[in-house]
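Order-wise, the sequence lines are chains A and B.
Just so you know, our numbering puts 155 at position 153 of the first sequence, and the rest follows in order with no gaps.
Just so you know, our numbering puts 175 at position 173 of the second sequence, and the rest follows in order with no gaps.
Don't be surprised by glycine CBs; every beta carbon is placed ideally from N, CA and C.
Everything numeric in this text was worked out from a predicted model, so none of it was measured.
Below you'll find the structure, written out as structure tokens, and then a few comments.
2 protein chains.
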Amino acid sequence: MARKAVGIKDVAREAGVSVTTVSHILNDVEFARASDETRERVKSTAERLGYGANRIARSLRRQQSEMIGLLSEEIATTPHAGRIILGAQEAARKRGLTLVLINTSRDELDIQRDTDALLRQQVDGVLYATMYHREIDLPRSLRSVPTVLIDSTSQDGSVPSVVPDEEGGAYVAVNELIGHGHRRIGFVTNSDDVPATRGRLAGYRRALAEAEVEFDPRLVVAEQSETPGGYKAARSVLDRDRADRPTALFCYNDRMAMGAYRAAAELGLRIPADLSIVGFDNQELIAEGLYPALTTVALPHFEMGEWALGALAELMVGDADSAAKDSYQPAVLSCPLVRRDSVAAPRPAGGSAGD
Amino acid sequence: MARKAVGIKDVAREAGVSVTTVSHILNDVEFARASDETRERVKSTAERLGYGANRIARSLRRQQSEMIGLLSEEIATTPHAGRIILGAQEAARKRGLTLVLINTSRDELDIQRDTDALLRQQVDGVLYATMYHREIDLPRSLRSVPTVLIDSTSQDGSVPSVVPDEEGGAYVAVNELIGHGHRRIGFVTNSDDVPATRGRLAGYRRALAEAEVEFDPRLVVAEQSETPGGYKAARSVLDRDRADRPTALFCYNDRMAMGAYRAAAELGLRIPADLSIVGFDNQELIAEGLYPALTTVALPHFEMGEWALGALAELMVGDADSAAKDSYQPAVLSCPLVRRDSVAAPRPAGGSAGD
DNA sequence: TTGTACGCGTTATCAT
DNA sequence: ATGATAACGCGTACAA
Numbered sequence: 003m004a005r006k007a008v009g010i011k012d013v014a015r016e017a018g019v020s021v022t023t024v025s026h027i028l029n030d031v032e033f034a035r036a037s038d039e040t041r042e043r044v045k046s047t048a049e050r051l052g053y054g055a056n057r058i059a060r061s062l063r064r065q066q067s068e069m070i071g072l073l074s075e076e077i078a079t080t081p082h083a084g085r086i087i088l089g090a091q092e093a094a095r096k097r098g099l100t101l102v103l104i105n106t107s108r109d110e111l112d113i114q115r116d117t118d119a120l121l122r123q124q125v126d127g128v129l130y131a132t133m134y135h136r137e138i139d140l141p142r143s144l145r146s147v148p149t150v151l152i153d154s155t156s157q158d159g160s161v162p163s164v165v166p167d168e169e170g171g172a173y174v175a176v177n178e179l180i181g182h183g184h185r186r187i188g189f190v191t192n193s194d195d196v197p198a199t200r201g202r203l204a205g206y207r208r209a210l211a212e213a214e215v216e217f218d219p220r221l222v223v224a225e226q227s228e229t230p231g232g233y234k235a236a237r238s239v240l241d242r243d244r245a246d247r248p249t250a251l252f253c254y255n256d257r258m259a260m261g262a263y264r265a266a267a268e269l270g271l272r273i274p275a276d277l278s279i280v281g282f283d284n285q286e287l288i289a290e291g292l293y294p295a296l297t298t299v300a301l302p303h304f305e306m307g308e309w310a311l312g313a314l315a316e317l318m319v320g321d322a323d324s325a326a327k328d329s330y331q332p333a334v335l336s337c338p339l340v341r342r343d344s345v346a347a348p349r350p351a352g353g354s355a356g357d
Numbered sequence: 003m004a005r006k007a008v009g010i011k012d013v014a015r016e017a018g019v020s021v022t023t024v025s026h027i028l029n030d031v032e033f034a035r036a037s038d039e040t041r042e043r044v045k046s047t048a049e050r051l052g053y054g055a056n057r058i059a060r061s062l063r064r065q066q067s068e069m070i071g072l073l074s075e076e077i078a079t080t081p082h083a084g085r086i087i088l089g090a091q092e093a094a095r096k097r098g099l100t101l102v103l104i105n106t107s108r109d110e111l112d113i114q115r116d117t118d119a120l121l122r123q124q125v126d127g128v129l130y131a132t133m134y135h136r137e138i139d140l141p142r143s144l145r146s147v148p149t150v151l152i153d154s155t156s157q158d159g160s161v162p163s164v165v166p167d168e169e170g171g172a173y174v175a176v177n178e179l180i181g182h183g184h185r186r187i188g189f190v191t192n193s194d195d196v197p198a199t200r201g202r203l204a205g206y207r208r209a210l211a212e213a214e215v216e217f218d219p220r221l222v223v224a225e226q227s228e229t230p231g232g233y234k235a236a237r238s239v240l241d242r243d244r245a246d247r248p249t250a251l252f253c254y255n256d257r258m259a260m261g262a263y264r265a266a267a268e269l270g271l272r273i274p275a276d277l278s279i280v281g282f283d284n285q286e287l288i289a290e291g292l293y294p295a296l297t298t299v300a301l302p303h304f305e306m307g308e309w310a311l312g313a314l315a316e317l318m319v320g321d322a323d324s325a326a327k328d329s330y331q332p333a334v335l336s337c338p339l340v341r342r343d344s345v346a347a348p349r350p351a352g353g354s355a356g357d
């Protein structure tokens, strides 16, 4: 506990007024009127004494803790989670809210236990962050507390949620390739059927369609979403005649792109001269470490954390009546392209630009 | 705020005793004695009602919040920070403590402001985590609160701190190489003069000395601690006659090792057949993504977070008198080797094993 | 315009 | 062996 003993009484005594007046002035109470002169005096002495209301006493009185709990699966095991936390934290600070952290496993029982623990700490609301974009059903104990989901959506839309625009991200990625003149673009994708997989495929197809290049299923190959999977998939999609071979690869994530780099190297394909690559996730460790540096698409983790906290704050003030609102659409935040050095125009292959 | 209205009074009424008795029993108060029978009854009804003490009221009464603040520079921008948080969080939970997060910049003024904010939230103690191992002087406002440092040490040893055993880590890394028969081992290191640089160099030299191989300054080359730096350094150290060239490289961190992989590839050196490499940091994204997977040394981030929270908890109970203790030695936690596929025996070069 | 006194849910002290 | 009650620091209805 802080050693400082400066309380509201000290301020009152020092300023020669009652605690009521101090409280009124410092909390900007509507109806309470004080002379401008005392207002000033109270504020300045409070400042001078370094007074700040004891949050615990205030919480007890107001029946709200001003703490919000961030419940996260396998917290920050991934750099992504860190950005979410950061975004939420800064937004919380701006509103005078405090962020408390609870990490939980993906086990149903653990989640139940951990949320209960969170609630016992009287958090005013909770942010529930999953490790990657997917659908969940809300832990039962969270139904009684304002909650917003990060990187996942609830089945029934009963709570607000925010997710990345997977499709839009894939679209800009593929469009970057198309803009450089590529027409045969491979898609090294993930074999898990999660929203990200579906969304990125949709974005890939949409970009192709808009550019009027026909979708060729032989150019999309799915593997596990790790580096070795990326390698395998890239080998397979690249292993064909020069004329038939894609001139560019869109990879499901940066790890798979890392595998694709190796495949390209083994095949004697230089990046980006012989093969352009764009990834997804903007894992800086990888994207900046690869040579040449990887052009990729950033997931808006910081922004999601920020948005979620804002939504939660609103939910918390309007709790009384608007609790009836029971159908939220997920907010989808856009995924910006970050250009580095892995994209260039294709080499003039055989001549014709048609397919 | 949680909706649940079950308070101590409810338990008391339900169990047919006074709140005093309930409090005594649930808090295991020494001197207060109650019949075993009521004990049982109280405990079971508390359980049945799902009672948990209101932490805010308890804090107000006990004059301690049971919250500890984690002040971190650029929180979780790095995956490392995440592991620290995780370790601290789990240790906190075990003790019934709550972790609140504050991120701060490295700017002196911001730190001051942020710590003040933290203290106003009546945290009982603070963990101060820096982004990488270095020396700092403690923000003034933290002198009044139990504090422990993570990944940094204070100039004057006035607070406990925990740091990784850089030297020991480097020692096991180089020893792994020596154990496989390498004698000419290059060191691709960092040009910044930070504790990690000094410690890892010391470990390198100690391992060499113990194996009775002479230290050759031409084999250590320093560059910026990023991937391109690793590439440059590795090129430079590898660019010599076959007989003179090191058969293995110890890299300052995994990013530099990533650069070294590229250098090796360009030189036509296969890993680990022609060149063994070991890194430092165990950044899984890189270490597992490289091909072949990188043998490296893990920084004990989780353990540091855990240790720090334990130390802080002790500091908090013994605050009264032992505040006099004013000279702490940093705790140094060991860095284990994690073996993957980048180390093998050197190829029989010219024949002689001497230097 | 300002001050007094009570309540928030616990724990701790002191009676019984 | 158990219960009544003050106190923690603040906010606020109500009296002055």
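DSSP bridge partner residues for residue i (one or two, in chain order)
| i | result |
| --- | --- |
| B/Pro-166 | B/Leu-335 |
| B/Ile-152 | B/Ala-131 and B/Val-164 |
| B/Leu-73 | B/Ile-104 and B/Tyr-130 |
| A/Phe-189 | A/Val-222 and A/Phe-252 |
| B/Ala-300 | B/Asp-283 |
| A/Ile-138 | A/Ser-156 |
| A/Val-340 | A/Thr-298 |
| B/Ser-278 | B/Ala-250 |
Residues near residue i by beta carbon distance below 6 Å, same chain, minus five either side
| i | result |
| --- | --- |
| B/Val-154 | In the sequence under discussion, the amino acid at residue 154 of chain B is Ser, which differs from the Val named in the question. Cβ neighbours of B/Ser-154 beyond the five flanking positions: Thr-132, Arg-136 and Ile-138. |
| B/Pro-274 | Ser-344, Val-345 and Ala-346 |
| B/Pro-332 | Thr-155, Ser-163 and Val-165 |
| B/Tyr-173 | Gly-205, Arg-208 and Ala-209 |
| B/Val-334 | Val-165 and Asp-167 |
| A/Leu-251 | Gly-188, Val-190, Ala-262 and Ile-279 |
| A/Pro-348 | Gly-183, His-184 and Thr-249 |
| A/Arg-97 | Ala-315 |
| B/Leu-99 | Glu-68 and Ile-70 |
| B/Arg-85 | His-303 and Phe-304 |
| A/Ala-175 | Phe-252, Val-280 and Val-299 |
| B/Ser-329 | Gly-159 |
Cβ neighbours of residue i in the same chain (closer than 7 Å, five flanking residues each side left out)
| i | result |
| --- | --- |
| A/Ala-322 | Its pLDDT being 49, under 50, A/Ala-322 is placed unreliably by the model, and the measurement read from it follows with that caveat. Excluding residues within five positions, none has a Cβ falling inside 7 Å. |
| A/Gln-361 | The structure shown does not extend to residue 361 of chain A, since chain A spans only 3 to 357, so no value can be given for it. |
| B/Asp-241 | none |
| B/Arg-264 | Tyr-233 |
| B/Arg-341 | Thr-297 |
| A/Arg-108 | Glu-75 |
Contact check, residue i vs residue j, beta carbons under 8 Å
| i | j | result |
| --- | --- | --- |
| B/Ala-93 | B/Glu-286 | no |
| A/Leu-314 | A/Ile-58 | no |
| B/Thr-297 | B/Asp-283 | no |
| A/Leu-277 | A/Glu-178 | no |
| A/Gln-124 | B/Asn-56 | yes |
| A/Cys-337 | A/Leu-301 | yes |
| B/Leu-129 | B/Ala-310 | yes |
| A/Ile-104 | A/Leu-73 | yes |
| A/Thr-47 | A/Ala-17 | yes |
| A/Met-306 | A/Ile-152 | yes |
| B/Ala-266 | B/Ala-289 | no |
| A/Val-44 | A/Val-24 | yes |
| A/Pro-141 | A/Ile-113 | yes |
8 Å Cβ shell around residue i - same chain, five flanking residues per side excluded
| i | result |
| --- | --- |
| A/Asp-12 | Leu-51 and Tyr-53 |
| B/Tyr-221 | The sequence given here has Leu at residue 221 of chain B, not Tyr. The answer, listed in chain order, is Arg-186, Ile-187, Gly-188, Phe-189, Val-239 and Pro-248. |
The ligand ZN heavy atom lying under 7 Å from the CB of residue i
| i | result |
| --- | --- |
| B/Ser-193 | The ligand ZN is not part of this structure, which contains no ligands at all. |
Inset, instruction - Could you tell me which uninterrupted alpha helix (DSSP H) segments, each at least 4 residues in length, are contained entirely in the stretch 107–136 of chain A, listed from first to last along the chain? - result: With a minimum length of 4 residues, the unbroken runs of alpha helix (DSSP H) contained wholly in the stretch 107–136 of chain A fall at 110–122.
Inset, instruction - Give the residues from the stretch 274–288 of chain B that approach chain A closer than 7 Å (Cβ to any Cβ), ordered along the chain. - result: Gln-285, Leu-287 and Ile-288
Legend entry - Short-range partners of chain B found in the stretch 244–278 of chain A, where Cβ spacing is below 9 Å: Asp-256, Arg-257, Met-260, Gly-261, Arg-264 and Ala-267
Inset, instruction - Report the residues of the stretch 93–116 of chain B with a CB closer than 7 Å to any CB of chain A, ordered along the chain. - result: Thr-100, Leu-101, Val-102, Leu-103 and Asn-105
Inset, instruction - Give, in chain order, every unbroken run of the beta strand (DSSP E) that is at least 3 residues long and sits entirely within the stretch 197–241 of chain B. - result: As far as the stretch 197–241 of chain B is concerned, its whole beta strand (DSSP E) runs of at least 3 residues are 222–225.
Legend entry - Contact residues within the stretch 42–61 of chain A, judged by C-beta distance below 8 Å to chain B: Those residues of the stretch 42–61 of chain A that come within reach of chain B (Cβ to Cβ, closer than 8 Å) are Gly-54, Asn-56, Arg-57, Ile-58, Ala-59 and Ser-61.
Legend entry - Near-chain B residues of the stretch 295–314 of chain A (beta-carbon distance less than 8 Å), N- to C-terminal order: Cβ contacts with chain B come from no residue of the stretch 295–314 of chain A.
Legend entry - Short-range partners of chain B found in the stretch 129–146 of chain A, where Cβ spacing is below 9 Å: Ser-146
Inset, instruction - Pull out every residue of the stretch 216–230 of chain B whose Cβ sits closer than 7 Å to any Cβ of chain A, in chain order. - result: Thr-229
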